[in-house]
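S.K.: To start, I am sharing the structure in question, which I have written as structure tokens.
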Amino acid sequence: MNLNLYTLCVIYLVYSFLGWVGETVVATAKGRRFTNRGVASGPFCFVYGTAGVLITIGLNDQRTSLAALFFGSMIYATVVEWLTARLLERIHHRRWWDYSDKKFNLDGYVCLQYSLLWGLLGMAAVRWGNDLLFRLCAHLPPLLFHAVVWGGMALAVLDQISAMVVVSRYANRHPRLEQLNRELGRGSERLRQKITASVEKRIQRAYPAAARPEPTTSAEKQLSLADLLWLFVIGAFLGDMVETIFCRITAGVWMSRSSLVWGPFSVVWGLALVLAAILLRGGEQKSESRIFWFGVILGGAYEYVCSAVTELLFGTVFWDYSGFKFNLGGRINLLYCFFWGIAAVTWIRYGYPLVAKGMKAVKRRIRPWMTALLAVFMAVNLVTSALALARYDARTSGAAPANAVDVLLDEHFDNARMERIYPNAKKVEKAG
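Numbered per the working numbering, the sequence shown spans residues 1 to 432.
If you want it as structure tokens, here you go:
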């Protein structure tokens, strides 16, 4: 099965639609009247599409093991559902679904019975559904197939933007979205009113908990984009330093652990710190054991996805735990999952309060132009690193430079330099 941008988009769109069908049928049967389960204007539940893409990327190399597919799908989809519920509540101060009345639930966001169902659905999708879907798509002419995919994704993106704007009506604490709503309304008032009326009715019928005027979370100071940017950079730098020192202690060598071509920054750790700040902030009252297991599960799933995605994009494996006991495909292992749990406890109990205090102390000295400059630098760094890795993969596969950008990358990021930056990177042999 050849995974690329188009096939992943097909998975995203088709499973979003099938998820909407399933949710709507179940809700209609329970309520004995038609209930349109979806926030978007179209027939989509995008959490299903997102879970389908992540499960496909993460578990494609486990297709021969039904047990690995089942438990892997169960974990991935449960994590996606928990993250989605948590993010929606963080952003809109509303709870969109609540499983508190079901046994073996976690914060009311997820529960065991639906996690088991996720496992079965994911196993069936990766083992049989994707192949059937791709065989059907193969009957379409390539030009028509590409046009349908681009058109479907454009509609999906517009649909999600419109839904986000409408949902913001229930989040009075977010004037920026309200401003976006007004700006969109100036250009297409009639269309906006139709979308607004349709989606608001759907929210009230399908998600009555979300339509309640009372917020479900306490008022808490929100993190701005500037705060998240600085947290990302701090986390990326600290993660790189920790890994470098760890390699020195355990392997006796100084080794580059950076994800980027300029500077000691580990993107995996930077993103992890941002996600932890968004999702786990305010969890100081939770027990340390609970935070630990949150870190073990979320961190393991996150690291597995990062490994699978980078391999898919760049044809390179950046870490391999095959030599460790209790590893899964060499992408994660039990020992390092425990490290993620320890990191979660350390971050919640000590790290974030300390970083937040430090950021508050220096925030008055950080001028907007400094944040803008940092954002530009990190964006250029990320793009350049991605291009250099993609060219490195193509170059080591024997592909000659196709344009001036390739020539520039070959000149400034040759094999020797890339091997110094990514000493553990291993090229994956492509089938066929």
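Beta carbons are placed, not taken as given, at the ideal position from N, Cα and C, and that holds for glycine. Owing to the predicted nature of the structure, the values given are computational and were not obtained by experimental measurement.
Under the rule that 16 or more other beta-carbon atoms within 10 Å means buried, what is Leu389, buried or exposed?
M.R.: Residue numbering aside, residue 389 sits at position 389 when the sequence shown is read from its first letter. The residue in question, Leu389, is buried, as its Cβ has 16 or more Cβ neighbours within 10 Å.
S.K.: Is it a yes or a no for the region 122-140 touching the region 65-75, going by three-plus beta-carbon pairs under 8 angstroms?
M.R.: The region 122-140 vs the region 65-75: in contact.
S.K.: Since Cys111 sits in a beta bridge, which residues does DSSP pair it with?
M.R.: The residue labelled residue 111 in the question sits at position 111 within the sequence shown. Its beta-bridge partners are Asn105.
S.K.: Hey, Val268 and Ser259 are a contact pair by Cβ (cut 8 angstroms); roughly how many whole angstroms apart?
M.R.: For this step, residue 268 is matched to residue 268 along the sequence shown. For this step, residue 259 is matched to residue 259 along the sequence shown. 7 angstroms between Cβ atoms; contact.
S.K.: Could you give the DSSP three-state label for Asn333: helix, strand or coil?
M.R.: Counting from one through the sequence shown, the residue named residue 333 turns up at place 333. Three-state DSSP puts Asn333 in a strand.
S.K.: Please classify Thr316: does DSSP put it in a helix, a strand, or coil?
M.R.: Translated into the one-based positions of the sequence shown, residue 316 becomes position 316. Strand.
S.K.: Would you kindly work out how many angstroms separate the C-alpha atoms of Tyr109 and Arg95, rounded to a whole number?
M.R.: Taking the first residue of the sequence shown as position 1, residue 109 is located at position 109. Taking the first residue of the sequence shown as position 1, residue 95 is located at position 95. Computed Cα separation, rounded: 9 angstroms.
S.K.: Tell me the rounded alpha-carbon separation between Ser100 and Ser322.
M.R.: Within the sequence shown, the letter at position 100 stands for residue 100. Within the sequence shown, the letter at position 322 stands for residue 322. Spanning the two alpha carbons is a distance of roughly 39 angstroms.
S.K.: Using only the alpha-carbon positions, how far apart do Ser307 and Arg32 sit?
M.R.: Walking along the sequence shown from the start, residue 307 turns up at place 307. Walking along the sequence shown from the start, residue 32 turns up at place 32. Going from the Cα of Ser307 to the Cα of Arg32 covers about 45 angstroms.
S.K.: Roughly how many angstroms separate the alpha carbons of Glu411 and Tyr114, rounded to a whole number?
M.R.: Against the sequence shown, residue 411 aligns to sequence position 411. Against the sequence shown, residue 114 aligns to sequence position 114. So the two alpha carbons sit approximately 53 angstroms from each other.
S.K.: Ignoring anything shorter than 3 residues, give me the beta strand (DSSP E) runs that lie fully in the region 225-260, in order along the chain.
M.R.: Runs found: none.
S.K.: DSSP on Asn60, reduced to helix/strand/coil?
M.R.: Mapped onto the sequence shown, residue 60 falls at position 60. Residue state, collapsed to three classes: helix.
S.K.: So, under 8 angstroms CB-CB, Gly19 and Met74 are touching, yes? Tell me the CB distance rounded to an integer number of Å.
M.R.: Along the sequence shown, read from residue 1 onward, the residue named residue 19 stands at position 19. Along the sequence shown, read from residue 1 onward, the residue named residue 74 stands at position 74. That belief does not hold up - the Cβ atoms of Gly19 and Met74 are roughly 16 angstroms apart, past 8 angstroms.
S.K.: Let's see if you can read the secondary structure: which residues bound the alpha helix (DSSP H) around Asp410?
M.R.: To locate residue 410, count along the sequence shown from 1; it is residue 410. It spans Ala404 to His412 - the alpha helix (DSSP H) in which Asp410 sits, taken as one unbroken run.
S.K.: Just grab the DSSP bridge partners of Asn327 for me.
M.R.: Along the sequence shown, read from residue 1 onward, the residue named residue 327 stands at position 327. Answer by DSSP bridge pairing, in chain order: Asn333.
S.K.: Quick check: the Cα distance between Phe237 and Pro401, rounded to an integer number of angstroms?
M.R.: Taking the sequence shown and counting its residues from 1, the one referred to as residue 237 is at position 237. Taking the sequence shown and counting its residues from 1, the one referred to as residue 401 is at position 401. Cα-Cα distance, rounded: 33 angstroms.
S.K.: Go through its chain and collect everything with a Cβ distance to Ile161's Cβ below 6 angstroms, but skip five positions before and after it.
M.R.: As a first step, residue 161 must be located in the sequence shown, where it is residue number 161. So the list is empty, once near-sequence residues are dropped.
S.K.: Expressed to the nearest angstrom, what Euclidean distance is found between the alpha-carbon atoms of Trp293 and Asp406?
M.R.: Translated into positions along the sequence shown, residue 293 becomes position 293. Translated into positions along the sequence shown, residue 406 becomes position 406. Using only the alpha carbons, I get a separation of about 45 angstroms.
S.K.: What span of residues does the alpha helix (DSSP H) with Trp20 cover, start to end?
M.R.: Taking the sequence shown and counting its residues from 1, one reaches residue 20 at position 20. Segment Leu5 to Gly31, the alpha helix (DSSP H) holding Trp20.
S.K.: Apart from the five residues on each side of it in sequence, which residues of its chain come closer than 8 angstroms, Cβ to Cβ, to Leu106?
M.R.: Translated into positions along the sequence shown, residue 106 becomes position 106. Trp82.
S.K.: With respect to the alpha helix (DSSP H) encompassing Ala356, which residues constitute its N-terminal and C-terminal limits?
M.R.: Taking the first residue of the sequence shown as position 1, residue 356 is located at position 356. Start and end: Tyr352 to Lys363.
S.K.: Quick check on Leu177: does DSSP put it in helix, strand or coil?
M.R.: Within the sequence shown, residue 177 is the residue found at index 177, counting from 1. Since pLDDT at Leu177 reaches only 42, below the 50 mark, its modelled position is unreliable, and the value read off the structure follows with that caveat. DSSP places Leu177 in helix when its eight states are reduced to three.
S.K.: How is the alpha helix (DSSP H) around Ile278 delimited, first residue to last?
M.R.: Working through the sequence shown from its first residue, we reach residue 278 at position 278. Note, Ile278: alpha helix (DSSP H), Val267 to Leu279.
S.K.: The alpha helix (DSSP H) with Ile436 in it runs from where to where?
M.R.: In this structure the chain extends from 1 to 432, so residue 436 is not present and cannot be described.
S.K.: Distance check for Ser16 and Val25, CA to CA, integer angstroms please.
M.R.: Working through the sequence shown from its first residue, we reach residue 25 at position 25. Working through the sequence shown from its first residue, we reach residue 16 at position 16. Each residue's alpha carbon lies about 14 angstroms from the other.
S.K.: Considering only the beta carbon of each residue, do Trp230 and Met359 sit closer than 8 angstroms?
M.R.: The count along the sequence shown starts at 1 and reaches residue 230 at position 230. The count along the sequence shown starts at 1 and reaches residue 359 at position 359. Cβ distance < 8 angstroms, so Trp230 and Met359 count as in contact.
S.K.: In chain order, what residues of the same chain have a beta carbon less than 8 angstroms from the beta carbon of Ile57, not counting five sequence neighbours either side?
M.R.: Your numbering for residue 57 matches position 57 in the sequence shown. Excluding residues within five positions, the ones whose Cβ falls inside 8 angstroms are Leu3, Leu8, Val305, Ala308, Val309 and Leu312.
S.K.: Just to confirm, is the Cβ distance from Ile278 to Leu87 under 8 angstroms?
M.R.: One-based indexing of the sequence shown puts residue 278 at position 278. One-based indexing of the sequence shown puts residue 87 at position 87. In contact: Ile278 and Leu87 (Cβ atoms closer than 8 angstroms).
S.K.: Is Phe232 closer than 8 angstroms to Gly270 when the C-beta atoms are compared?
M.R.: Numbered from 1 along the sequence shown, position 270 holds the residue referred to as residue 270. Numbered from 1 along the sequence shown, position 232 holds the residue referred to as residue 232. For Gly270 and Phe232, yes; Cβs fall inside 8 angstroms.
S.K.: Taking the alpha-carbon of Tyr48 as reference, which of Ser65, Asp61, Leu387 and Thr84 has the nearest alpha-carbon?
M.R.: Indexing the sequence shown from 1 puts residue 48 at position 48. Checked all of Ser65, Asp61, Leu387 and Thr84; the closest Cα to Tyr48 is Thr84.
S.K.: Using the Cα positions of Leu184 and Cys45, report the straight-line distance between them to the nearest angstrom.
M.R.: Numbered from its first residue, the sequence shown carries residue 184 at position 184. Numbered from its first residue, the sequence shown carries residue 45 at position 45. Its pLDDT being 47, under 50, Leu184 is placed unreliably by the model, and the measurement read from it follows with that caveat. Approximately 23 angstroms between the Cα atoms of the pair.
S.K.: Relative to the C-alpha of Gly341, which candidate in Tyr302, Phe318 and Arg364 has its C-alpha closest?
M.R.: The sequence position of residue 341 within the sequence shown is 341, counting from 1. Here the closest residue by C-alpha is Tyr302.
S.K.: Mind checking which residues open and close the alpha helix (DSSP H) that includes Asp98?
M.R.: Here residue 98 is taken as the residue at index 98 of the sequence shown, counted from 1. Taken as a continuous stretch (DSSP letters only), Asp98 belongs to no alpha helix (DSSP H), as it is neither H nor E.
S.K.: Here's the rule I'm using: 16 or more other beta-carbon atoms within 10 Å means buried, otherwise exposed. How should Gly252 be labelled?
M.R.: As a first step, residue 252 must be located in the sequence shown, where it is residue number 252. With fewer than 16 other Cβ atoms within 10 Å, it is exposed.
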